[in-house]
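**Student:**
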Amino acid sequence: MLLSGASIVKQGIVRNLQSATQQLQPCGVDLSLRRVFKWTSPAIIDSDNSNRQAANTSELRFDKETEAIKLRQGAYLVEFNETVSVPLD
């Protein structure tokens with residue numbers, strides 16, 4: 756089932772929009788970046804979590820003039836401005 760952007764917001768599935776006029780789409784909602792991090796170390800996982808260790812990250816800064824971040828090929832951790840609550844149904 757497809758939901759309109761307006762329906763998604765009305766149902767509270769996505770909250771804290773920065774600009775509804777720009778983010779609401781016919782079949783969804785565009786999310787906006789709050790922060791972007793690059794991974795600086797590996798994480799460690801094991802079968803019983805006794806050696807579990809989170810990976811370290813370093814925040815990438817938005818360019819002040821262009822308000823953009825140049826991303827090279829790779830994996831990133833992103834934090835969005837919006838909150839998404841996915842319903843079970």
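Residues in the sequence shown are numbered from 756 upward in steps of one, following this note's numbering.
Cβ atoms here follow ideal geometry from the backbone N, Cα and C, with glycine treated the same way.
Determine the burial state of residue 784: buried for a count of at least 16 other Cβ atoms within 10 Å of its Cβ, exposed for fewer.
**Tutor:** Burial call: buried.
**Student:** Can you determine whether any heavy atom of the ligand ZN sits closer than 7 Å to the C-beta of residue 816, and answer yes or no?
**Tutor:** This structure does not include the ligand ZN; it has no bound ligands of any sort.
**Student:** Would the beta-carbon of residue 775 fall within 8 Å of that of residue 794?
**Tutor:** Not closer than 8 Å, so no.
**Student:** Under three-state DSSP, which class holds residue 773?
**Tutor:** Here residue 773 sits in coil by DSSP.
**Student:** Roughly how many angstroms lie between the CA atoms of residue 814 and residue 798, to the nearest whole one?
**Tutor:** Answer to the nearest angstrom: the Cα atoms are 17 Å apart.
**Student:** Note the first and the last residue of the continuous alpha helix (DSSP H) segment covering residue 764.
**Tutor:** Element bounds for residue 764: 760 to 765.
**Student:** Closest by CA to residue 756, which one among 771, 765, 782?
**Tutor:** Checked all of 771, 765, 782; the closest Cα to residue 756 is 782.
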